[in-house]
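Asks:
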Amino acid sequence: RAPEPSPQDVSLGVDWLTRYGYLPPPHPAQAQLQSPAMLRDAIKVMQRFAQLPETGLLDSLTMATMRKRRCSLPDVLGVAGLVRRRRRRR
Amino acid sequence: YALSGSMWKKRTLTWRVQSFPQSSPLKQEVVRTIMHHALTTWGIESGLTFEEMYSQDPREPDILIDFARAYHQDSYPFDGQGGTLAHAFFPGEHSISGDTHFDDEEIWTYGSKDGEGTDLFAVAVHEFGHALGLGHSSAPDSIMRPFYQGPVGNPTKYRLSQDDREGLQQLYGKAPQTPHDEPTRKPLPPPSPPPNSPSLPVPDRCAGNFDAIANIRGETFFFKGPWFWRLQPSGQLVSHRPARLHRFWEGLPAQVKVIQAAYSRHRDGRILLFSGSQFWVFQDRQLEGAARPLAELGLPQGEEVDAVFSWPLNGKTYLVRGQRYWRYDDAAARPDPGYPRDLSLWEGAPQAPDDVTVSNTGDTYFVKGTHYWRFPKGSVKAEPDSPQPMGPQWLDCPAPSAGPRSPK
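Note that the protein sequences, when read in sequence, are chains A and B. Take the first sequence: its letters are residues 1 to 90, numbered as in my numbering. Take the second sequence: its letters are residues 1 to 408, numbered as in my numbering.
(1) May I ask you to report which of helix, strand or coil DSSP gives B/Pro389?
(2) So, does the CB of B/Phe128 fall closer than 8 Å to a CB anywhere in chain A?
(3) Kindly list, in the order they appear in chain B, the residues whose Cβ is closer than 9 Å to that of A/Leu12.
(4) On the premise that A/Ser72 lies in contact with B/Thr84, defined as a C-beta separation below 8 Å, what is that separation, rounded to the nearest angstrom?
(5) Assign B/Pro335 to one of three DSSP states: helix, strand, or coil.
(6) If you run the structure through DSSP and keep just helix, strand and coil, what is B/Ser275?
(7) Kindly indicate the opening and closing residues of the alpha helix (DSSP H) around B/Ile213.
(8) Could you name the residues of the same chain whose beta carbon sits closer than 8 Å to that of A/Asp9, not counting the 5 residues immediately before and after it, in chain order?
(9) Return the bridge partner residues of B/Leu13 from the DSSP annotation.
(10) Smallest Cα separation from B/Gly225: which of B/Gly208, B/Thr317 and B/Glu105?
(11) In the structure shown, what three-state DSSP assignment does B/Trp8 receive?
(12) In whole angstroms, give me the CA-to-CA distance for B/Glu106 and B/Lys381.
(13) Give me the residue from B/Leu313, B/Phe78, B/Leu345 and B/Asp396 with the minimum Cα distance to B/Thr370.
(14) Can you tell me where the beta strand (DSSP E) holding B/His130 begins and where it ends?
(15) Please report the distance separating the alpha-carbon of B/His130 from that of B/His37.
(16) Could you tell me whether the Cβ atoms of B/Asp104 and B/Phe67 are closer together than 8 Å?
(17) Does chain A have any CB closer than 8 Å to the CB of B/Pro179?
(18) For B/Lys368, which three-state DSSP category applies?
(19) Report the three-state DSSP secondary structure of A/Gly13 (helix, strand or coil).
(20) Smallest Cα separation from B/Ala2: which of B/Ile143, B/His240, B/Thr33 and B/Gly98?
(21) Report yes or no: is there a C-beta of chain A within less than 8 Å of the C-beta of B/His136?
(22) Would you check if the distance between the CB atom of B/Leu319 and the CB atom of B/Trp311 is smaller than 8 Å?
(23) Based on the DSSP secondary-structure assignment, which residues constitute the bridge partners of B/Leu319?
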């Protein structure tokens, strides 16, 4: 099994995923916690977008990618009808 | 590609640079010309035209360009050098729509061939894509990928990838195809040569096969020939461009062209560099004394080393050559008896590693070629997922494509 990420890496990872649109922003009034499955799915989406192996884990490659220089804008712009992402047929 | 859902209704957009970078050597004229070329890159594929407005013009331009730092009164504060580089706002009716901000704490460059700093043209093309209504793309050759990919070449010749063209043309259609419609491209002054341009070719950090790797005061040094890179504890390289060995390590003899191993001594913080059958001791960056023979550390006369590291669990120094290793007691300043022994103690370690180093968290890394084998703190058994490619994790290199299996 791959080594467990440190708490600092998990915190950085969740912040990063939230900031760039892979996770919804936390709501202070909601008691519901973020499920591990939700986090795993968000990581996979990020990995797919960044063309990394889709492990669903905050592995070393994923963390290194999160530390890269980048644009401030989110990658996922939101579901509310404004995103049209098109994939070319192979 | 991805579309934001908004676009400009008009086909001529105005722009102005409101503030210029304070900490960059780029002149204002060069910055404006780079912005012109970045906008023209989108214009020639779509028929959009861009007019620069001057500061005397009281009208508000569509695309207002600023170099700002930290919190600058929008939802996207910058974060100092590295991290986020720039952002732009999508088309719309708000006064901020189309505006483009660059982090003034980056070292903005133009025409740099060595990867130093951040290429302004590449980032500007990306941000203007947002200003025109495009989101981030996952296509490998797209300028709209969210991560900085380095310079994209000559601004006067750069053309968008197919993915970027398709996204743009979804919004604004194709450019009219007549020979006389190519917008006039302003000439750019040639980039100034970097100071102290090397006469030696600079090695590729992504090719691995380092001569030595060492954790020195929390930073990881990667040595290759007469060059080295430094990786900070934050995970950022100090520079993509390697530093010159002899300019940093003062007093290292000029005839030493390759450092075969390096480590930092725990008891006094001295740094030892190994080459051939000798080693040199440095206090900080300054050489102390003359070269010393490896025989002092218990190796046979004339023997060389592949790797040297100090293991924090017992404070001993390990010197590896091929499939054997010796052990030296730094505290007692003498070699331990009963050596050499077989490297198979380190279960899963590669033979003749390029070097071995211990991380800030106490894990031991054997490095060979482009991969590393990780031994968790206190363990002499490699992690099952070893080896792993070190380029993407440590050296800001692209992930290796699927190919032959990694070395065992």
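Even for Gly, the Cβ is constructed at its ideal location relative to N, Cα and C. Small disclaimer: the values here were computed from a predicted structure and weren't measured.
Replies: From the atom records:
(1) strand
(2) no
(3) Result: empty, since nearest Cβ-Cβ is about 10 Å, beyond 9 Å.
(4) 4 Å
(5) strand
(6) strand
(7) Segment Ala212 to Ile216 is the beta strand (DSSP E) holding B/Ile213; no alpha helix (DSSP H) there.
(8) Leu58 and Met63
(9) B/Phe50
(10) B/Gly208
(11) coil
(12) 42 Å
(13) B/Asp396
(14) No beta strand (DSSP E) holds B/His130; the alpha helix (DSSP H) holding it covers Leu120 to Leu132.
(15) 16 Å
(16) yes
(17) Per-residue confidence for B/Pro179 stands at a pLDDT of 48, beneath the threshold of 50, marking its modelled position as unreliable; no derived number is given.
(18) strand
(19) helix
(20) B/Ile143
(21) yes
(22) no
(23) B/Val308 and B/Trp326
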